[in-house]
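In our numbering, the protein residues as written are 1 to 566.
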């Protein structure tokens with residue numbers, strides 16, 4: 001790698017054109033000779049000191065007003081050098097952009113270059129939301145010696161169980177994302193120049209790429225790679241967490257549609273494998289994706305109370321002060337896990353995730369959920385028409401959408417959504433962990449999708465989403481090699497629902513719903529086997545859920561037992 005020998009005395013001279021910001025724009029050499037563009041912000045009054053540095057690597061412009069500028073101010077005003085870097089092929093950086101492909105070596109090299117500069121004391125921390133969370137894990141997987149601490153917010157990384165396909169079902173969110181990153185400079189709200197309500201209905205969905213008009217192959221890469229192939233396996237670090245010996249603050253939100261699964265994956269893998277497992281911290285609030293970095297008290301039309309608006313800047317600063325500056329500020333004594341409990345609308349500190357210590361099985365019946373299976377066999381069927389899908393409930397024309405509605409009452413009134421509801425609870429039920437729906441189902445074709453939700457039904461009958469999950473029928477046994485189903489054959493499906501922590505209050509009921517679409521967040525199945533991205537001729541499917549008798553379909557809930565005293 002090229003060395004940078006910029007002396008302190010040259011800092012002011014080179015940075016005079018941006019002296020008000022204390023900013024110096026530099027090129028960081030990668031091992032293959034490509035230079036990444038970086039803005040280096042030195043705290044005022046500390047120009048001749050070597051200080052800890054905070055690094056943020058982003059595909060969204062290194063001076064992004066929403067995602068980066070706040071961090072610049074936070075760390076520059078509190079005694080850190082802050083380094084914002086454009087990903088390869090993005091912003092002012094050299095090279096070709098290929099989402100996710102180059103982040104392991106590039107992030108490693110950025111961290112080590114920063115550590116070697118005269119204005120850095122060798123201690124480097126990393127931070128960032130979403131993609132900027134992912135690049136931290138990419139870099140950490142390569143074990144840069146000078147990486148001392150991480151704050152990872154809603155980071156992707158559980159590829160093909162999370163994104164771009166969720167258990168075989170494509171997230172159409174990536175059409176927006178591919179468009180936003182199609183040029184070197186992030187187009188941001190230029191997204192609104194496209195009528196997304198129309199664009200996302202294009203069939204086959206691969207042809208949305210014509211509207212995106214991206215000069216890179218990012219869209220093709222995301223849409224075409226629909227299995228857990230070697231490409232995605234190489235970007236999952238399941239066998240490398242035992243070598244990542246770094247303290248990390250993991251942050252996410254219960255209502256993050258984009259990267260909740262990745263955030264929990266990184267945390268759980270570190271807790272299970274890392275030598276730094278006792279230095280992992282987890283904060284989960286009632287937030288959507290971007291709000292996980294900038295929380296407020298509201299989600300959609302729900303006010304979770306003032307405490308939901310956590311001062312995330314203070315949390316970040318305290319964490320880095322403890323691990324990078326050695327300040328005795330109490331971080332070492334904090335609860336390792338802090339969870340906001342929807343239902344109670346209060347924070348809870350604990351030493352472990354999940355808090356469940358028992359399992360409750362609720363068996364599907366004729367519209368019911370019961371603690372015991374029925375001896376009587378039954379079934380309920382519905383017609384799934386891809387041209388009339390169950391709506392996610394977002395206005396796609398206004399992306400970036402943040403708060404996907406929780407209220408499912410109107411969707412549950414549709415004929416293509418089947419519901420199973422338990423009796424009203426007489427005591428609090430604390431659901432904490434990864435629920436599963438193990439059910440028996442059939443379709444009259446050779447493929448379809450299953451979308452499952454757990455909702456909290458209040459005494460007024462309003463049904464609000466607690467968690468969700470989905471599974472392509474062809475991926476029921478393998479994400480690596482999907483296989484067609486036999487028409488009308490009754491098969492067992494195990495649908496993993498997203499991690500959750502929720503309190504069902506007395507008088508409320510637990511409901512499970514099953515359907516076959518969630519559009520436009522997810523692409524629609526055409527109800528036929530083969531690459532869905534290339535299918536343009538939809539067929540209506542007759543899908544059926546079976547229960548009782550020889551088909552004891554059940555929802556498996558990780559819960560806190562009443563004996564726990566919680």
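Think of the CB as a built atom: it goes at the ideal place given N, C-alpha and C, for glycine as much as any other residue.
Computed from a prediction, not measured in an experiment: that's the story for all the values here.
So which of 91, 508, 506 and 492 has the shortest CA-CA distance to residue 554?
The residue from 91, 508, 506 and 492 with its alpha-carbon nearest to that of residue 554 is 492.
Enumerate in chain order the residues of its own chain whose CB-to-CB distance from residue 255 is below 6 angstroms, with the five nearest sequence positions on each side excluded. Here the set comprises 288 and 299.
| Less than 8 angstroms separating the beta-carbons of residue 498 and residue 172? | Result no, Cβ atoms of residue 498 and residue 172 do not sit closer than 8 angstroms.
- prompt: Are residue 447 and residue 473 touching if we call contact CB-CB under 8 angstroms?
  reply: In contact: residue 447 and residue 473 (Cβ atoms closer than 8 angstroms).
For this session: Work out the CA separation of residue 112 and residue 31 for me, nearest whole Å.
Result: In this structure, the straight-line span from the alpha carbon of residue 31 to that of residue 112 is close to 11 angstroms.
So for residue 212, helix, strand or coil by DSSP?
Three-state DSSP puts residue 212 in a helix.
- Query: Is it the case that the Cβ atoms of residue 543 and residue 384 are separated by a distance below 8 angstroms?
  - Reply: Cβ distance < 8 angstroms, so residue 543 and residue 384 count as in contact.
| request: Alpha carbon to alpha carbon, how far is residue 216 from residue 24? Give it in angstroms, no decimals. | output: Rounded to the nearest angstrom, the two C-alpha atoms are 30 angstroms apart.
message: DSSP three-state label for residue 132, please.
response: In this structure, residue 132 counts as helix in the three-state DSSP scheme.
Per DSSP, which one or two residues make a beta bridge with residue 453?
-> Residue pairing by DSSP puts residue 453 in a beta bridge opposite 468 and 513.
- Item | Supposed close pair residue 370, residue 218 - CB separation, criterion 8 angstroms | Rounded, the Cβ-Cβ distance is 48 angstroms, inconsistent with contact.
Compare the Cα-Cα distances from residue 147 to each of 114, 234 and 406 and report the closest residue.
-> When only C-alpha atoms are compared, the closest one is 114.
For residue 541 and residue 471, I'd like the C-alpha separation in whole angstroms. Cα to Cα, the separation comes out at about 16 angstroms.
Q) Between the segment 300-320 and the segment 190-208, are three or more C-beta pairs nearer than 8 angstroms? A) Of all C-beta pairs linking the segment 300-320 to the segment 190-208, fewer than three are shorter than 8 angstroms, placing the two stretches out of contact.
How would you write the range of the alpha helix (DSSP H) that residue 232 sits in, first residue to last? Going by DSSP, residue 232 is part of the alpha helix (DSSP H) stretching over 230-234.
Is the beta carbon of residue 166 closer than 8 angstroms to that of residue 482?
Pairing residue 482 with residue 166 gives a Cβ-Cβ distance that is not under 8 angstroms.
Point to revise | Completely contained beta strand (DSSP E) runs for the segment 275-313, where each covers 3 or more residues | key: Fully enclosed beta strand (DSSP E) runs of 3 or longer: 280-285.
For this session: Look up residue 475 in the DSSP assignment and say whether it is helix, strand or coil.
Result: The answer is helix: DSSP assigns residue 475 an H, G or I state.
Determine the DSSP secondary structure at residue 22, reduced to helix, strand or coil. In the three-state reduction of the DSSP assignment, residue 22 falls in the coil class.
Is there contact between the segment 408-422 and the segment 456-472, where contact requires at least three CB pairs shorter than 8 angstroms? With a cut-off of 8 angstroms, the segment 456-472 and the segment 408-422 count as touching, because enough Cβ pairs lie within range.
Using a 10 Å radius around the Cβ and a threshold of 16 neighbouring Cβ atoms, would you call residue 519 buried or exposed? So residue 519 ends up on the buried side.
Out of 280, 294 and 279, which has the shortest C-alpha to C-alpha gap to residue 286?
Taking only the C-alpha atoms, the option nearest residue 286 is 294.
*asked:* Taking the straight line between their C-alpha atoms, what separation do you get for residue 560 and residue 315?
replied: One C-alpha to the other measures close to 28 angstroms.
- Would you decide whether residue 558 is buried or exposed? Buried here means 16 or more other CB atoms lie within 10 Å of its CB. It counts as buried.
Kindly say whether residue 181, judged by its beta-carbon, lies nearer than 8 angstroms to any beta-carbon of chain C.
-> In summary, chain C is missing from the structure at hand, where a single protein chain is found.
#### Entry: Residue burial classification, residue 533 (beta-carbon count within 10 angstroms, cutoff 16)
That one is buried.
Judging by CA-CA distance, which residue of 252, 306 and 239 is the nearest neighbour of residue 274? Among 252, 306 and 239, the Cα nearest to that of residue 274 belongs to 239.
Q. At what residues does the alpha helix (DSSP H) containing residue 114 begin and finish?
A. That run of the alpha helix (DSSP H) goes 103-115.
| field | 8 angstroms CB neighbourhood of residue 276 in its chain, flanking five on each side removed | value | Close CB contacts of residue 276 within its chain, under the 8 angstroms cut and outside five residues either way in sequence, are with 244, 245, 246, 247, 248 and 270 (chain order).
Completely contained alpha helix (DSSP H) runs for the segment 130-170, where each covers 4 or more residues | Those alpha helix (DSSP H) runs which fall completely within the segment 130-170 and span 4+ residues are 131-141.
ask   = Under a three-way DSSP split, which group does residue 359 fall into?
value = Strand.
| message | Just to confirm my understanding: we take residue 11, look at its own chain, exclude 5 residues before and 5 after, and list those with CB closer than 8 angstroms. What are they? | response | Confidence in residue 11 is poor, its pLDDT being 36 and thus under 50, which makes the residue's placement unreliable; the coordinate value appears in the next sentence. Answer for residue 11: 24, 42, 47 and 119, listed in chain order.
For the alpha helix (DSSP H) containing residue 218, name the first residue and the last one. Per DSSP, residue 218 is one residue of the alpha helix (DSSP H) stretching across 218-224.
Sort out for me which residues DSSP pairs residue 331 with in a bridge.
-> Per DSSP, none; premise fails for residue 331.
Would a C-beta distance cut-off of 8 angstroms place residue 96 and residue 62 closer than the cut-off?
No, these two residues do not count as a Cβ contact at 8 angstroms.
For residue 406, is the beta carbon positioned less than 7 angstroms from some heavy atom of the ligand NAP?
-> You won't find the ligand NAP in this model; it holds no ligand whatsoever.
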